[in-house]
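Colleague:
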Amino acid sequence: MIRLHDTRAKKKVEFQPREPGKVSMYVCGVTVYDLCHVGHARTAVAFDVIVRHLRARGFDVRFVRNITDVDDKIIRKGLAEGRPAAEVARSYADAMAADMDGLGVAPADVEPRATLHIAEMIDVIRRLEARELAYAAGGDVYYSVAGFPNYGGLSGQSPEELQAGARIEVGENKKSPLDFALWKAAKPGEPSWESPWGPGRPGWHIECSAMSHRYLGDTFDIHGGGSDLIFPHHENEIAQSEGAFGAFARYWMHSGMLNFGGEKMSKSLGNVVTIRRAAETHDLEALRLLLISVHYRSPAGFSIARDDAGQPVYPDLDEAEARLDYFYRTLERLDGFAGTLASPPTPPPSDLATRFVEAMDDDFNTAAGIGHLYDAFVLANKLLDDPKAAPKTERQSALTALARDARMVGTTLGIMRRPPAEFLNSRRARLCVQRKIDPQAVESSIAERAAARAAKNFQRADEIRAGLKQRGVELMDGPKGTAWRVV
RNA sequence: GGUGCCGUGGCCAAGUGGUAAGGCAAGGGUCUGCAAAACCCUCAUUCCCCGGUUCAAAUCCGGGCGGCACCUCCA
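In this note's numbering, the protein residues as written are 1122 to 1608.
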C-alpha cells in the first residue's frame, strides 16, 4: 500500500489509483527560456524517483510532463537575442533534455509542447465559454472566477482573501481582479495563432488543462509540480479543467523548493546555479544523490562557498560525490567477490530490500531509504573484510543478495547505474584535471616507491607517499599492488 | 494583512502517540612496515520556549519566539 501526501487534503492519504495497477500522472515541466538550474533539477528528480518507484511496485504508469514553449519571457529573450521566440524555446528545450539525461531523469512517456496544442486549448476555452465560465474582452479571453465556487480549494485560500491582494494591471480587460487570461490578443511582433477571438496566444495555465485532457482524459491520478505552482497555476488549472470537464486530478503532489542562503533559488534573485555549471566540476549523479537525500516535500539547501581564489565551490556536492564514491567502491568489491556465484537462494543477509520499499511506500521517503542503504553497505564491507565471519559459500550467497538489493535500490533512486569502474575512473580523471595532477607522474612515483619498498627502504617509500599526499593523491596498498585516488 | 510550511547533536537529515535512523565533522581503536580504505567504539536522558491532553508526546492541542514560501513570473 502506497501512501502519499496530497496537497489538497493537506495530509498523507492512501493512494488508490483510478484503475487497479495503472497510474496516470501529469507533472508541470519548465518554461524553456533559459538553462535549467539545480532547483529545476530537484523537482525533475523528485518526480522521476516517484515514477520509478511506482513502476518498481508494478504499476503501469503513464507519465506526461509538459514543456511550456510560449510565454512572455521567451518572447522577450527572443527580442533580446534577435532570434525568433520559437528558436529560443527549441534551443533551451534541447539543453534541458541534455541536462535531464545527465541527471538520469528518464524522459516522460509524453512531453507535449504548448505550441503544438493550440487547437486543444481553444477547445477548452470554448467549453468554458459555453458554461459561462469565460468571457471575451477586447481580443482577450478571461476565466470568470466568480463562476467557480470552489476556487481556492487547493491553496486553502478563499476568493475573498485573494481578492484583497489582487489588482488589475494596466492594459488588462478583466472584470474582476481574480480573473485570469485564457487567451491573450496578439501584440505586434509577437507570435500568434488564429482563434475564434482573433489572433493571439494562450495564457499560461490553459495548456496544462488542454494537454492533460488530451493525453490522460477527463480525470487522472496524480498531478505534480513544484510547490511554487500551487497558486495560482494549479488553482487555475483546477478551475479550468473542472469547469470544462467536470473532473480533474485525484491527487496533488508538490515538491519543496531548493534554497540557497535561506532564499529560494530563482533567476529574479540572481543566485542561480545551473545544472550545467554543476556538471563542470561534479558528477551529476552526485547532484542527484544530494537532491534525494532530503525528503521531496521539505525545503532543501544548496550550499555555496568560495575558495581561496574567490571561485564558487559547492561543499554539499563534494560530500555527496564522496558518498557516491563509497557506494561505487563497495559495489566494486561486491562484484569482485560475489560475481562468480550461482547458488541457491540464501536468506538475505540484510532487510535492505524490505526496509527500502517500506520507506518509499510511505510518501516516497528517499532520505530514510538512503539511510537503509548505508546500513547495508556497512554490513557488506564488514562481510568482505572478515573471511572468518562465515563459510565462503554463505558469504558469497549473502553478498550476492546484498549486491542485487543495492542495485534494486539504485534502480529506483536512479543512482549506481553505471559499472563501478566507469564512475571511479571518470571521477579520478576529472579530479586529476581539476587539481592539475599528472596520472603518468603518479604512476612512476608509485613504481619508484614499490622499488624502494622491495629494497626495504621504507624511509624513501614514505617520503614518496607523503609527497603525493600533499598533492591530494592517496595511495592504497593492497594484495594486487598499489592503487591510488584523488581526495 | 491572508494562506501554508518549518524549527531534531558542530553541520546535513529521517522520524505524525510508545520511549531519538542515517550521513558529514571530531576523538579513540582494529588492520597495516608506515599509511589509506574498510570496520568497531565514543559523540542529543533529549527534539526552539511555556503551558495542556495522555499510562505514554519530538510527534496531538493552546500560547509565545524564530525562519521560510506563496498571495506578481517562477520547479
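Idealized CB from N, CA, C, for every residue including glycine.
Secondary structure at residue 1364, three-state DSSP: helix, strand or coil?
Modeller: Reduced to three states, the DSSP call for residue 1364 is helix.
Colleague: Rounded to whole angstroms, what is the Cα-Cα separation between residue 1279 and residue 1270?
Modeller: 10 Å
Colleague: Quick one: what does DSSP say residue 1242 is sitting in, helix, strand or coil?
Modeller: If DSSP states are grouped into helix, strand and coil, residue 1242 belongs with the helices.
Colleague: Measuring only the C-alpha atoms, how far is residue 1304 from residue 1165?
Modeller: 28 Å
Colleague: Please report how far the alpha carbon of residue 1125 lies from the alpha carbon of residue 1481, in whole angstroms.
Modeller: 10 Å
Colleague: What is the DSSP secondary structure of residue 1457, counted as helix, strand or coil?
Modeller: helix
Colleague: State the Cα-Cα distance for the pair residue 1145 and residue 1478, rounded to the nearest angstrom.
Modeller: 21 Å
Colleague: Check the C-beta distance from residue 1554 over to residue 1605 and give it rounded, since I have them as a contact under 8 Å.
Modeller: At roughly 16 Å, the Cβ-Cβ gap does not stay under 8 Å, so residue 1554 and residue 1605 are not in contact.
Colleague: Could you give the distance in angstroms between the alpha-carbon of residue 1475 and the alpha-carbon of residue 1413?
Modeller: 19 Å
Colleague: Check for me: the beta strand (DSSP E) holding residue 1370 runs from which residue to which?
Modeller: Unbroken beta strand (DSSP E) run through residue 1370: 1370 to 1376.
Colleague: DSSP puts residue 1323 in a beta bridge; with which residues?
Modeller: 1304
Colleague: Would you list the one or two residues that DSSP bridges to residue 1532?
Modeller: BP columns for residue 1532 are empty, so no partner.
Colleague: By Cβ distance, which residues of its chain are closer than 6 Å to residue 1345, with the 5 residues on each side in sequence left out?
Modeller: 1148, 1168 and 1374
Colleague: Determine the contact status of residue 1214 and residue 1184, defining contact as a CB-CB distance below 8 Å.
Modeller: Taking 8 Å as the Cβ cut-off, residue 1214 and residue 1184 do not qualify as a contacting pair.
Colleague: Less than 8 Å between the beta carbons of residue 1196 and residue 1153, yes or no?
Modeller: no
Colleague: Ignore the nearest five residues each way along the sequence and tell me which others in residue 1350's own chain have a CB closer than 8 Å to its CB.
Modeller: The answer, listed in chain order, is 1149 and 1375.
Colleague: Excluding the 5 residues preceding and the 5 following residue 1231 in the sequence, name in chain order all residues of the same chain whose CB lies nearer than 6 Å to its CB.
Modeller: 1185 and 1336
Colleague: Rounded to whole angstroms, what is the Cα-Cα separation between residue 1192 and residue 1377?
Modeller: If you take the alpha carbons of residue 1192 and residue 1377, they lie about 24 Å apart.
Colleague: Excluding the five sequence neighbours on either side, which residues of its own chain have a C-beta within less than 7 Å of the C-beta of residue 1267, listed in chain order?
Modeller: 1297
Colleague: Would the region 1358 to 1366 and the region 1497 to 1511 be scored as touching if the rule is three or more Cβ pairs under 8 Å?
Modeller: no
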